[in-house]
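**Student:**
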Amino acid sequence: MTREEARAFAAEWTAAWNDLAVERVLDHFDENVSFTSPTARTVVGVSTVLGKQALREYWNKAVAHIGSLHFVLDRVLWDASTKEMAIVYISEIGGRRKRVSEHLTFGLDSLVVSAEVFHGVDM
């Protein structure tokens, strides 16, 4: 993936979330993905969700309860040698606004094999 492709990936990822299109987001994830988020524990009882189907269930459950969502892409950091990306964005969910960073690791097939979300303080 080039730097331009990384930017395009992040833009599409952001647009998919803004459309609440969980399946569009999931198109970029491997079947055996490991996804860690502090909010997962409150939604599904664990901080690390394993597998694409479990991730689908988590996200669909979370989206059903949030009301409104809007992400504004801030920046994208890409390391081609390690196939790691950080998407930094402003998250506006249910009236709360904060900076968030998602760290994604891509496999050889260009799908996300692991991801971890870091939530900042309210803005």
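Residue numbers (the working numbering): -16 to 106.
Note that beta-carbon positions come from the ideal geometry of N, C-alpha and C, so glycine has one too.
Which word fits E85, buried or exposed, when buried means at least 16 other C-beta atoms lie within 10 angstroms of its C-beta?
**Tutor:** The residue in question, E85, is buried, as its Cβ has 16 or more Cβ neighbours within 10 Å.
**Student:** Between the C-alpha atoms of F89 and V8, what's the straight-line distance to the nearest angstrom?
**Tutor:** Using only the alpha carbons, I get a separation of about 14 Å.
**Student:** Going by DSSP, which residues form a beta bridge with D105?
**Tutor:** According to DSSP, which records beta bridges pairwise, D105 is partnered with K81.
**Student:** Based on the DSSP secondary-structure assignment, which residues constitute the bridge partners of M68?
**Tutor:** Answer is W61, L87.
**Student:** Can you list, in chain order, the residues of its chain whose CB lies under 6 Å from that of F18, leaving out five sequence neighbours each side?
**Tutor:** Closer than 6 Å at the Cβ level, and outside the excluded window around F18, lie V32, L38, A98.
**Student:** Whose C-alpha, out of D10, V46, G34, D13, is nearest the C-alpha of V26?
**Tutor:** Minimum Cα distance to V26 is reached at V46.
**Student:** Tell whether a beta-carbon distance below 9 Å holds between G50 and G28.
**Tutor:** No, Cβ-Cβ distance for G50 and G28 is not below 9 Å.
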